[in-house]
Amino acid sequence: TAQRDPLAAINEQEFRYAHVFNDLSVGQQGRLVARLHDSADPRVAHVVDERQGDASLFRPEVIVRTDSQVHLLAWMGRSFRPPVPRLYQGSTHALVFICGECPSDATLNGFPSDWTMINDLEWRGQYRMFSMPLSPKQAAARYFQVVAERVVRLDPSLSTGLIPELIGSARVRF
Numbered sequence: 015t016a017q018r019d020p021l022a023a024i025n026e027q028e029f030r031y032a033h034v035f036n037d038l039s040v041g042q043q044g045r046l047v048a049r050l051h052d053s054a055d056p057r058v059a060h061v062v063d064e065r066q067g068d069a070s071l072f073r074p075e076v077i078v079r080t081d082s083q084v085h086l087l088a089w090m091g092r093s094f095r096p097p098v099p100r101l102y103q104g105s106t107h108a109l110v111f112i113c114g115e116c117p118s119d120a121t122l123n124g125f126p127s128d129w130t131m132i133n134d135l136e137w138r139g140q141y142r143m144f145s146m147p148l149s150p151k152q153a154a155a156r157y158f159q160v161v162a163e164r165v166v167r168l169d170p171s172l173s174t175g176l177i178p179e180l181i182g183s184a185r186v187r188f
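Numbering (my numbering), first residue to last: 15 to 188.
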């Protein structure tokens with residue numbers, strides 16, 4: 015719930031906590047993000063720097079690393095626009111990747127395993143929580159490069175098949 019310690023809830027529920035967090039009001043989400051920002055727990059990365067792109071559209075706020083997963087809480091604005099014409103029949107034209115100790119200019123195609131797609135309908139002017147399995151590189155990382163990208167074209171010669179365009183990125187440190 016919104017009253018519970020968010021770190022304890024994430025540690026206990028892992029990715030399932032996103033179902034609770036993502037349905038809270040923006041005010042409740044903001045208070046939980048602030049509590050995580052104030053945490054001295056070594057599992058919480060909350061020092062954000064080296065921002066690039068449109069921070070009003072995508073802004074990483076905090077990362078929580080648990081034994082088996084990495085969890086990102088990020089601000090997602092309202093002005094996301096998918097490419098025209100659409101690339102897919104569905105409504106997923108953006109992605110986020112969380113890369114342990116990657117350079118600030120990292121893109122999806124340089125690190126094709128630590129990412130997840132974002133549905134176009136998720137851009138609603140609120141915080142969102144994303145979770146993914148913790149890779150060995152992420153488990154030992156001192157910082158994460160977090161990048162949101164919009165898919166603008168498809169290219170079968172690439173391992174991901176995707177040509178991205180930066181939405182926003184930041185380094186999130188412990």
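For every residue, glycine included, the Cβ atom is placed at its ideal position computed from N, Cα and C.
Looking at the structure shown, is residue i part of a helix, part of a strand, or coil, going by DSSP?
i, result
"PRO20", "helix"
"GLY67", "strand"
"HIS107", "strand"
"ASN25", "helix"
"PRO150", "helix"
"LEU172", "coil"
"GLY41", "helix"
Could you tell me which residues DSSP puts in a beta bridge with residue i?
i, result
"GLU179", "ARG164"
"VAL186", "VAL62, PHE158"
Determine the burial state of residue i: buried for a count of at least 16 other Cβ atoms within 10 Å of its Cβ, exposed for fewer.
i, result
"VAL58", "buried"
"ASP128", "buried"
"ARG18", "exposed"
"ALA153", "exposed"
"VAL98", "exposed"
"VAL78", "buried"
Since residue i and residue j are thought to touch, with beta carbons under 8 Å apart, how far apart are those beta carbons, to the nearest angstrom?
i, j, result
"GLN83", "MET131", "Not confirmed; about 17 Å, so no contact."
"THR174", "ASN123", "6 Å"
"GLN27", "GLN140", "At roughly 20 Å, the Cβ-Cβ gap does not stay under 8 Å, so GLN27 and GLN140 are not in contact."
"SER118", "ARG167", "About 23 Å; that fails the 8 Å criterion."
"VAL62", "GLU75", "7 Å"
Are the segment 158 to 170 and the segment 34 to 43 touching by the rule of at least three beta carbon pairs closer than 8 Å? Counting C-beta pairs closer than 8 Å gives fewer than three between the segment 158 to 170 and the segment 34 to 43, which falls short of the contact rule.
Can you confirm whether the segment 52 to 70 touches the segment 106 to 113 when touching is taken to mean that 3 or more C-beta pairs between the two stretches lie within less than 8 Å? Contact fails: fewer than three Cβ-Cβ distances are below 8 Å.
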